[in-house]
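The opening residue of the sequence shown carries number 368 in this note's numbering; numbering runs sequentially from there.
Positions of the beta carbon are idealized from the N, C-alpha and C atoms, including for glycine.
In this text, all values refer to a predicted model and were calculated from it rather than measured experimentally.
Notes for the one structure printed next.
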Amino acid sequence: MACSQRMTCYIPTRYSLAVLLMGVMIHFFALRSNFSIIVVAMVEHSPNNKGNSSRENECSVNTTQDIKYSTHENNTADLSTFNLYNEPGKVRHTNSTDHDSQERFSWDPITQGRIIGAYSYGHVLSQVLGGFLEARFGGKKVLGLSILLSSVLTLLTPAAAFSGEWWLFAVRVAVGFVQGVVYPSTFGILSRWAPPSERGRLLTIVTIGETLGVFVGFSLTAHLITQFGWAVTLYITGVAGLAFCCIWCLLAFDSPDVHPRITEAEKKYIECNLERTRKGRKIPWLKMLSSPHLWVLIYIHCTDGWGFFMMLACLPLYMDTILNFNLDTNGALSTLPYLTLMASRILSSLIIDPVIKRSSFKKVNIRKTCILALVGVAACLVAVGHVRCDSTAAIAMLCLATIMEGVMMPGFYPIYTELTLGFSGVAFGISNAVANCAGFVVPLMVGILTDENQTVEAWQKVFYISAAISVSGSVMALAFLRTDPVSWAQDPDEDELSKPARDKMVLDSNDGEKGDWPLLVYETTV
Numbered sequence: 368m369a370c371s372q373r374m375t376c377y378i379p380t381r382y383s384l385a386v387l388l389m390g391v392m393i394h395f396f397a398l399r400s401n402f403s404i405i406v407v408a409m410v411e412h413s414p415n416n417k418g419n420s421s422r423e424n425e426c427s428v429n430t431t432q433d434i435k436y437s438t439h440e441n442n443t444a445d446l447s448t449f450n451l452y453n454e455p456g457k458v459r460h461t462n463s464t465d466h467d468s469q470e471r472f473s474w475d476p477i478t479q480g481r482i483i484g485a486y487s488y489g490h491v492l493s494q495v496l497g498g499f500l501e502a503r504f505g506g507k508k509v510l511g512l513s514i515l516l517s518s519v520l521t522l523l524t525p526a527a528a529f530s531g532e533w534w535l536f537a538v539r540v541a542v543g544f545v546q547g548v549v550y551p552s553t554f555g556i557l558s559r560w561a562p563p564s565e566r567g568r569l570l571t572i573v574t575i576g577e578t579l580g581v582f583v584g585f586s587l588t589a590h591l592i593t594q595f596g597w598a599v600t601l602y603i604t605g606v607a608g609l610a611f612c613c614i615w616c617l618l619a620f621d622s623p624d625v626h627p628r629i630t631e632a633e634k635k636y637i638e639c640n641l642e643r644t645r646k647g648r649k650i651p652w653l654k655m656l657s658s659p660h661l662w663v664l665i666y667i668h669c670t671d672g673w674g675f676f677m678m679l680a681c682l683p684l685y686m687d688t689i690l691n692f693n694l695d696t697n698g699a700l701s702t703l704p705y706l707t708l709m710a711s712r713i714l715s716s717l718i719i720d721p722v723i724k725r726s727s728f729k730k731v732n733i734r735k736t737c738i739l740a741l742v743g744v745a746a747c748l749v750a751v752g753h754v755r756c757d758s759t760a761a762i763a764m765l766c767l768a769t770i771m772e773g774v775m776m777p778g779f780y781p782i783y784t785e786l787t788l789g790f791s792g793v794a795f796g797i798s799n800a801v802a803n804c805a806g807f808v809v810p811l812m813v814g815i816l817t818d819e820n821q822t823v824e825a826w827q828k829v830f831y832i833s834a835a836i837s838v839s840g841s842v843m844a845l846a847f848l849r850t851d852p853v854s855w856a857q858d859p860d861e862d863e864l865s866k867p868a869r870d871k872m873v874l875d876s877n878d879g880e881k882g883d884w885p886l887l888v889y890e891t892t893v
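Here it is, written out as structure tokens:
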């Protein structure tokens with residue numbers, strides 16, 4: 368039968384496309400996350416020490432105790448070549464090479480925060496635009512152009528930095544803008560390739576690229592900087608992006624209809640199993656933007672995004688200025704929370720979806736329980752500030768925080784589809800644009816609170832504020848969250864649909880697989 372598929376020995380084309388999209392995510396998150404490490408390498412370390420003796424008094428103990436711990440028994444450590452920490456008062460990292468002597472910049476923490484957050488300014492502006500561009504021109508062209516332009520801009524970044532901090536700011540805003548189309552374009556392509564029964568698997572393959580991209584952005588970037596310097600690292604990243612752009616343009620296609628190498632059996636299987644949704648409904652912009660229930664989701668999304676950007680933008684800075692890790696170790700350890708985040712998302716999706724399907728509890732109560740994970744995130748952030756210079760405990764608390772945050776992906780984000788149905792694409796685009804504002808607010812807040820005050824006490828204030836914001840998200844969910852569809856999202860002509868079509872729509876909306884919500888999003892806007 369055409370709507371079923373027999374087991375074969377070849378890799379299905381849709382899974383090959385998912386691997387390509389995983390590559391897009393790796394490129395996206397590498398360029399997004401690596402600048403947090405690069406800024407650490409670009410800035411002179413002396414400002415951290417001038418007028419601020421707290422760094423030496425509070426956490427310099429790590430420099431001796433942890434080095435001793437890290438050596439092998441009965442062997443003498445060569446401190447000139449192996450050192451997890453920066454020694455107070457030294458400008459260069461102990462494991463750096465001569466390339467590390469390239470020009471650095473005397474940027475204060477506020478300037479650093481502004482430059483790190485510049486990406487998010489542009490990223491916010493193109494969130495909703497990306498969905499419309501994908502629908503008009505196709506995801507292959509939009510993503511290809513995004514990869515090309517972001518890679519070229521990365522190659523121009525060193526020149527912009529040497530020209531002045533505002534030139535660098537402008538380039539990073541441009542990188543964020545051209546990469547803002549990645550998510551809507553990715554989901555738009557998958558909406559034409561992924562049958563409902565395989566959405567969870569295909570989207571899981573794609574989103575593995577998030578963690579791999581952060582690994583490249585933190586760990587590999589830090590290693591390249593210590594070997595070649597920050598400028599050469601940016602050139603390597605840009606050239607790698609251009610190479611991947613060529614691969615993408617050669618192998619990616621918008622739909623099975625235009626793919627030249629897909630088998631006829633797989634093509635019929637995909638087409639037969641994709642939903643046929645009603646088109647032409649106008650978006651009720653006024654009702655949507657004035658809906659209190661949607662704004663509840665937006666607020667919770669913002670509180671979750673705040674914690675995410677704390678990790679993405681500020682974790683390397685905390686490890687450098689307070690825990691005194693050197694650049695290589697900083698990059699490697701900054702990756703750990705994202706590994707636990709990926710594992711948590713996968714495991715929690717395997718638990719939450721079956722519970723919703725088979726449990727007698729109301730779905731809204733299960734969703735609220737999942738959002739209570741933000742309270743756990745808040746507790747971990749507070750604990751990070753109170754363990755002070757215990758680097759092992761601090762990293763453990765950060766990993767535990769991301770484990771709890773991982774519950775939000777399958778526990779909270781499907782509500783956009785449940786609440787707004789066919790308008791969930793636009794609804795999520797609006798929400799994601801607002802939530803991404805935290806990407807520039809968080810680094811700026813950290814810069815203001817720690818300017819000429821790189822102390823544990825200053826960072827405790829950062830963690831307290833972040834914890835309070837996380838808790839407020841859980842409170843908002845307990846008080847106002849709903850999951851049943853709002854009136855303006857329901858189709859007034861639904862009764863005209865055939866009963867099998869209605870049953871299929873209900874079945875698909877309750878599918879429960881991880882990742883269903885974003886794919887339903889763009890099927891209605893294409």
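| query | result |
| --- | --- |
| In chain order, what residues of the same chain have a beta carbon less than 6 Å from the beta carbon of Met678, not counting five sequence neighbours either side? | Pro704 |
| Tell me, to the nearest whole angstrom, how far the beta carbon of Glu532 is from that of Ser473; I am working on the premise that it is less than 8 Å. | Not quite, the Cβ-Cβ distance comes to about 10 Å (not below 8 Å), so this is no contact. |
| Could you give the DSSP three-state label for Phe396: helix, strand or coil? | helix |
| Quick check: the segment 716-736 against the segment 595-606, are there 3 or more CB pairs under 8 Å? | no |
| Is the CB-CB distance between Val744 and Met771 below 8 Å? | yes |
| Tell me whether Phe728 sits in a helix, a strand or coil according to DSSP, three-state version. | coil |
| Report yes or no: do the segment 848-858 and the segment 744-756 share at least 3 C-beta pairs separated by less than 8 Å? | no |
| Distance check for Pro810 and Phe692, CA to CA, integer angstroms please. | 20 Å |
| Which residues share a DSSP beta bridge with Phe472? | Val410 |
| Figure out for me which residue from Val549, Lys729, Leu520 and Val606 has the closest Cα to the Cα of Val542. | Leu520 |
| Please report how far the alpha carbon of Leu609 lies from the alpha carbon of Val801, in whole angstroms. | 30 Å |
| Going straight from the alpha carbon of Ile713 to that of Glu470, what length do you get? | 43 Å |
| If Leu510 and Val391 are in contact, beta carbons under 8 Å, what's the gap, nearest whole angstrom? | 6 Å |
| Find out if the Cβ-Cβ distance for the pair Val942, Ser400 is shorter than 8 Å. | Here the chain covers residues 368 to 893 and nothing more, so residue 942 does not appear. |
| If we count Cβ pairs, one from each stretch, closer than 8 Å, do we get three or more for the segment 731-740 versus the segment 607-624? | no |
| Quick one: using the 10 Å Cβ neighbour count with 16 as the cut-off for buried, is Glu501 buried or exposed? | buried |
| Note down, in chain order, each residue of its chain lying with its Cβ closer than 7 Å to the Cβ of Leu579, except the 5 sequence neighbours on either side. | Ile393 |
| Report all residues from its chain with a CB closer than 6 Å to the CB of Phe449; omit the five preceding and five following residues, and keep chain order. | Here Phe449 scores only 35 on pLDDT, less than 50, and its place in the model should not be relied on; the value that follows carries that caveat. Cβ within range, chain order: n/a, list empty. |
| With a threshold of 7 Å on Cβ separation, who are the neighbours of Tyr685 within its own chain once the five nearest residues in sequence on each side are excluded? | Trp826 |
| Taking 6 Å as the limit between beta carbons, can you name the residues of its chain near Ser622, skipping five residues before and five after? | Arg559 |
| Can the beta-carbon of Leu748 be found closer than 8 Å to that of Ala768? | yes |
| So, Gln494 versus Gly806, is the Cβ gap smaller than 8 Å? | no |
| Can you round the beta-carbon distance between Ser833 and Trp673 to whole angstroms, since I take them to be within the 8 Å contact cut? | 6 Å |
| Which same chain residues end up closer than 8 Å to Ala746 when comparing Cβ atoms and leaving out the 5 residues on each side of it in sequence? | Ala834 |
| Which term fits Thr707, buried or exposed, when burial requires 16 or more other beta carbons within 10 angstroms of its beta carbon? | buried |
| Between His626 and the rest of its own chain, which residues show a CB-CB distance below 8 Å, the 5 nearest in sequence each way excluded? | Thr380, Phe620 and Lys634 |
| On the CB-based measure, 16 or more other CB atoms within 10 Å of its CB, does Ser530 come out buried or exposed? | exposed |
| Given a cut-off of 8 Å on the beta-carbon distance, is the pair Thr670 and Ser837 in contact? | yes |
| Alpha carbon to alpha carbon, what distance is there between Ala846 and Tyr382? | 41 Å |
| Span of the alpha helix (DSSP H) holding Gln827? | Val823 to Phe847 |
| With DSSP as the reference, label Arg559 as helix, strand or coil. | coil |
| How far does the alpha helix (DSSP H) with Leu777 in it extend, from its first residue to its last? | Reading the sequence as shown, one finds Pro at residue 777 and not Leu. Here the alpha helix (DSSP H) through Pro777 covers Met775 to Gly778. |
| Tell me where the alpha helix (DSSP H) around Ile603 begins and ends. | Trp597 to Leu618 |
| Can you list, in chain order, the residues of its chain with a C-beta nearer than 8 Å to that of Thr478? Leave out the 5 residues immediately preceding and following it. | Glu532 and Gly814 |
| What does the alpha-carbon distance come out to for the pair Asn424 and Val583? | Residue placement at Asn424 cannot be trusted, given a pLDDT of 45 that sits under 50; what the coordinates show is reported in the next sentence. So the two alpha carbons sit approximately 33 Å from each other. |
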